[in-house]
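Trainee: In my numbering, the protein residues as written are 4 to 212. Just so you know, even glycine gets a beta-carbon here, dropped at the ideal spot from N, CA and C. What follows is a single structure, and I will ask about it in a moment.
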């Protein structure tokens with residue numbers, strides 16, 4: 004981020020992506036929608052506030068947070084998710100975006116405590132492999148943050164038991180694509196389970212296990 008103009012453009016990009024998540028049905032209506040953030044400098048990131056629907060986001064009400072936990076700008080209530088976003092950016096300097104959703108089918112897997120196994124080769128590109136499920140911990144607790152980092156590793160997505168989905172990316176567009184891909188594949192996987200056995204494939208070779 005070089006100047007105020009750059010920051011305005013990044014804010015617009017975050018708001019546009021947040022509304023795309025809403026329009027595509029990847030977040031629930033109202034304020035319990037999850038969270039979205041975008042790194043704007045090595046030690047700073049924009050993040051959606053708490054208690055606001057994505058349709059209400061503006062350039063003026065996004066919070067701007069530093070990796071030391073302080074705020075450059077805090078015009079709105081702080082999302083409790085802020086601290087796991089912070090931990091991800093601190094531990095993965097190459098990442099630029101984090102999206103947390105409670106999307107319908109991914110959350111269904113979370114409620115059933117089921118990971119999303121490696122069942123299509125597209126998962127290699129969009130998710131970095133199979134999507135693990137982190138054991139339950141109270142949302143936004145230090146333990147929850149630790150488990151997210153432990154199960155994310157070099158992947159682009161992790162499911163949180165009895166909670167929702169966390170996706171990361173080296174770009175905001177890539178992070179959004181992962182969230183959309185995981186939700187669509189979760190729906191297909193759940194439908195396939197109703198029909199019978201679902202065959203997993205080897206991540207390295209691309210043939211059946």
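#1: What first and last residue would you give for the beta strand (DSSP E) that runs through residue 171?
#2: Using 8 Å for Cβ pairs, my map puts residue 87 next to residue 143. What's the rounded Cβ distance?
#3: Please tell me whether residue 73 and residue 38 are closer than 8 Å, where the distance is taken between their beta carbons.
#4: Taking only runs that begin and end inside the stretch 87-150, name each unbroken beta strand (DSSP E) of 3 or more residues, in chain order.
#5: Within the continuous alpha helix (DSSP H) that includes residue 195, where are the two ends?
#6: Could you check whether residue 156 and residue 170 sit closer than 8 Å to each other, using their CB atoms as the reference points?
#7: So, with DSSP's three-state summary, where would you put residue 51?
#8: What beta strand (DSSP E) runs, 3 residues minimum, are completely inside the stretch 14-76?
#9: Quick one: Cα of residue 45 to Cα of residue 71, how far?
#10: Starting from residue 161, trace the beta strand (DSSP E) both ways and give me its first and last residue.
#11: Output the distance between the C-alpha atoms of residue 76 and residue 47, rounded to the nearest integer angstrom.
#12: Given a cut-off of 8 Å on the beta-carbon distance, is the pair residue 16 and residue 60 in contact?
#13: Quick one: what's got a C-beta closer than 7 Å to residue 114's C-beta in the same chain, skipping five residues either side?
#14: Buried or exposed for residue 123, going by 16 or more other Cβ atoms inside 10 Å?
#15: Distance, Cα to Cα, residue 106 vs residue 14?
#16: Using C-beta distances below 8 Å, list every residue in its chain close to residue 182, excluding the 5 sequence neighbours before and after it, in chain order.
#17: If you draw a straight line from the C-alpha of residue 137 to the C-alpha of residue 121, how long is it?
#18: Report all residues from its chain with a CB closer than 8 Å to the CB of residue 27; omit the five preceding and five following residues, and keep chain order.
Mentor: On the basis of the data shown:
#1: Element bounds for residue 171: 167-172.
#2: 7 Å
#3: no
#4: 100-104
#5: Residues 175-198.
#6: no
#7: coil
#8: 38-44, 47-50, 66-69 and 74-76
#9: 12 Å
#10: Where residue 161 is concerned, the enclosing beta strand (DSSP E) stretches over 160-163.
#11: 11 Å
#12: No, Cβ-Cβ distance for residue 16 and residue 60 is not below 8 Å.
#13: If we look at residue 114 and ignore the five residues flanking it on each side, its Cβ neighbours are 165.
#14: That one is exposed.
#15: 23 Å
#16: 24, 29, 102, 104, 106, 160, 168 and 170
#17: 16 Å
#18: 183
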